[in-house]
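Residue numbers (numbering that gives the first Met the number 0): 0 to 181. Here's the structure we're looking at; comments come further down.
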Amino acid sequence: MKTSPQQHGAAAPAASAQPGKYLTFTLAQESYGIPVLQVREIIRLCPVTAVANMPAHVKGVINLRGKVIPLVDLRVRFRLPVGVDDERNCIVVTQITAASGGSRLYGIVVDGVEEVATFTAQDIEPTPDFGGTLDSHFITGMAMSGDGVKTLIDLDKIAAEDGTHSVRDAREANGSPPAVVS
Numbered sequence: 000m001k002t003s004p005q006q007h008g009a010a011a012p013a014a015s016a017q018p019g020k021y022l023t024f025t026l027a028q029e030s031y032g033i034p035v036l037q038v039r040e041i042i043r044l045c046p047v048t049a050v051a052n053m054p055a056h057v058k059g060v061i062n063l064r065g066k067v068i069p070l071v072d073l074r075v076r077f078r079l080p081v082g083v084d085d086e087r088n089c090i091v092v093t094q095i096t097a098a099s100g101g102s103r104l105y106g107i108v109v110d111g112v113e114e115v116a117t118f119t120a121q122d123i124e125p126t127p128d129f130g131g132t133l134d135s136h137f138i139t140g141m142a143m144s145g146d147g148v149k150t151l152i153d154l155d156k157i158a159a160e161d162g163t164h165s166v167r168d169a170r171e172a173n174g175s176p177p178a179v180v181s
């Protein structure tokens, strides 16, 4: 039987989210945030090319000025109610860490962008213990703001699990050497 640190009387784990500036956005009327330094640009919804055998939350890829970028619907990924597309929906193009150690572009569909907010260490609380029923390892902390609580998320962890890494990244993440083509 697993026990949590709280059951042993230990202090709750510290939030892994760092103080700083975050882009906040909405999904199903809830507020989320990602470090603003990961954001490359915000664009309107655009045509998406589907890719076979991807999980339901991977909408496909988009072509952004000649670069092919995987596009993920965070509503579907987080099992939130499906919303109606409107003019506030947009794509946040981010730069994340690839399994190979480099970086890559990654698009997320959000219901709307709120603001760039600055959170201090005092504003950020650790992720609460939701019990064993909720997969919350991608939540880095909860930020308190004047208009409520914002869930801070780790896009690197989400992307590592969503099937958008290339075969090479996946092989390297598993400790396999890159495939050699002759």
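Yeah, the Cβ is synthetic: ideal placement off N, Cα and C, and Gly gets one too.
Nearest C-alpha to Ser15 among Asp72, Glu160, His136, Phe129: His136.
Scanning its chain for C-beta atoms nearer than 6 Å, with the 5 sequence neighbours on each side dropped, one finds around Ile42 the residues Ile90, in chain order. If you ignore the 5 residues before and after Ile123, its C-beta comes within less than 6 Å of the C-beta of Ala14, Ala16, Gly140, Ala142, all in its own chain and listed in chain order.
Bounds of any beta strand (DSSP E) do not take in Leu73; it lies within the alpha helix (DSSP H) bounded by 73-76.
Between Thr48 and Gly59, the C-beta spacing is below 8 Å. Ile33 and Asp84 have their C-alpha atoms roughly 22 Å apart. Closest in alpha carbon position to Pro125, among Thr96, Val148, Asn62, is Val148. Here DSSP, grouped into helix, strand and coil, assigns Val47 to coil. Leu154 is a Cβ neighbour of Gln37, given a cutoff of 8 Å. Beta bridge pairing from DSSP links Asn52 with no other residue. From the listed residues Asp110, Phe129, Glu160, Tyr105, the smallest Cα separation to Ile61 is found for Tyr105.
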